[in-house]
Amino acid sequence: MKIKIAPSILAADFTRLGEQIREAEANGADLIHIDVMDGRFVPNISFGHLIVEAARRVTQLPLDVHLMIVEPEHHIEVMANAGANAISVHVEACSHLHRILQQIKQHGLKAGAAVNPHTPAVMIQEVLPLLDEIIVMTVNPGAGGQDFLPEVMPKLRQIRRMAGSIDILVDGGIDADTIGIVVENGANVMVAGSSVFGANGGIGAGIRAMRGVLENKSAG
Ligand code: DX5
Ligand code: ZN
Numbered sequence: 069m070k071i072k073i074a075p076s077i078l079a080a081d082f083t084r085l086g087e088q089i090r091e092a093e094a095n096g097a098d099l100i101h102i103d104v105m106d107g108r109f110v111p112n113i114s115f116g117h118l119i120v121e122a123a124r125r126v127t128q129l130p131l132d133v134h135l136m137i138v139e140p141e142h143h144i145e146v147m148a149n150a151g152a153n154a155i156s157v158h159v160e161a162c163s164h165l166h167r168i169l170q171q172i173k174q175h176g177l178k179a180g181a182a183v184n185p186h187t188p189a190v191m192i193q194e195v196l197p198l199l200d201e202i203i204v205m206t207v208n209p210g211a212g213g214q215d216f217l218p219e220v221m222p223k224l225r226q227i228r229r230m231a232g233s234i235d236i237l238v239d240g241g242i243d244a245d246t247i248g249i250v251v252e253n254g255a256n257v258m259v260a261g262s263s264v265f266g267a268n269g270g271i272g273a274g275i276r277a278m279r280g281v282l283e284n285k286s287a288g
């Protein structure tokens with residue numbers, strides 16, 4: 069499978085958001101990951117649909133919206149209207165996961181489910197036919213810059229076996245050191261915040277560092 073890189077703008081410099089999204093696109097990002105946090109499902113509050121709308125104005129890349137919020141059903145329409153291409157909701161935040169995935173698809177968007185580190189793979193089994201993507205959290209959601217949790221790898225392998233060829237995103241602590249192990253375990257979309265927007269050599273260097281590891285692997 070083609071490995072895609074999805075920079076997470078949570079780690080961007082918000083005073084230069086448009087410029088940084090354009091830079092990510094120019095340096096080969098495949099999609100833009102947008103982390104919406106409500107201060108309830110996760111402790112922090114990040115931003116909402118106005119940032120999705122702003123991102124929509126500066127890039128052609130698909131916008132992948134990750135809702136870390138309670139009652140996400142109230143926010144699907146506004147996110148769709150703001151220009152989201154895909155919306156993922158947390159399994160742990162949805163009493164009616166099946167219904168909300170249908171709701172997302174009714175807006176013509178890709179629908180995804182995100183699973184926290186403690187959530188077993190079986191929690192998405194019955195909705196697999198509705199899923200276009202799965203976000204396997206490799207940190208506890210709520211903040212950028214946390215350490216990657218290697219103990220999630222057996223579940224990632226299991227989800228890849230269950231899910232066939234649909235996109236599996238890994239989210240949290242993905243960088244040049246951890247990209248190898250997540251790809252080996254079946255992930256094909258790398259969500260990366262700090263390692264892209266916080267890279268020493270800039271956004272392009274952050275993306276190239278990860279791609280470089282993959283190229284060396286396939287060459288070796
Ligand atoms: C975590 C968010 C992530 C976050 C990843 O709650 O869902 O998308 O931005 O950040 P890094 O790559 O810095 O771990
Ligand atoms: Zn995310």
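Reminder that position 182 of the sequence shown reads as 250 in the numbering used here, one-by-one numbering, no gaps. Glycine residues also receive a C-beta, built at the ideal position from the N, C-alpha and C atoms.
Three or more Cβ pairs closer than 8 Å define a contact, and the region 238–246 falls short of that threshold against the region 190–200.
Each of 76, 101, 103, 134, 239, 259 has a C-beta closer than 6 Å to some heavy atom of ligand 2; these make up the full list, in chain order. Rounded to the nearest angstrom, the gap between the Cα atoms of residue 69 and residue 183 is 22 Å. Contact between the region 143–152 and the region 161–175 is present, with at least three C-beta pairs closer than 8 Å.
Looking at the backbone, the Cα of residue 137 and that of residue 154 are separated by about 16 Å.
Linking residue 112 to residue 248 through their CA atoms gives a straight-line distance of about 30 Å. Counting only runs of 3 or more residues that sit fully inside the region 116–192, the beta strand (DSSP E) segments are 131–136, 154–158, 178–183, in chain order. By the neighbour-count criterion, in which 16 or more other beta carbons inside 10 Å mark a residue as buried, residue 178 falls on the buried side. Counted as a single uninterrupted DSSP element, the alpha helix (DSSP H) harbouring residue 222 occupies residues 221–231. If you compare the alpha carbons of 185, 205, 208, 181 with that of residue 195, the shortest gap goes to 181.
Residue 111 has its Cβ no nearer than 6 Å to any heavy atom of ligand 1.
One Cα belongs to residue 283, the other to residue 228, and the distance between them is close to 22 Å. Check the Cα spacing between residue 257 and each of 100, 110, 79: the tightest is with 100. For residue 163, the shortest separation between its Cβ and any heavy atom of ligand 1 does not lie below 6 Å. Distance from the CA of residue 260 to the CA of residue 161, rounded to the nearest whole angstrom, comes to 23 Å.
In the three-state scheme derived from DSSP, where H, G and I count as helix and E and B as strand, residue 255 is classed as coil. Closest by C-alpha distance to residue 232, out of 220, 222, 254, is 254.
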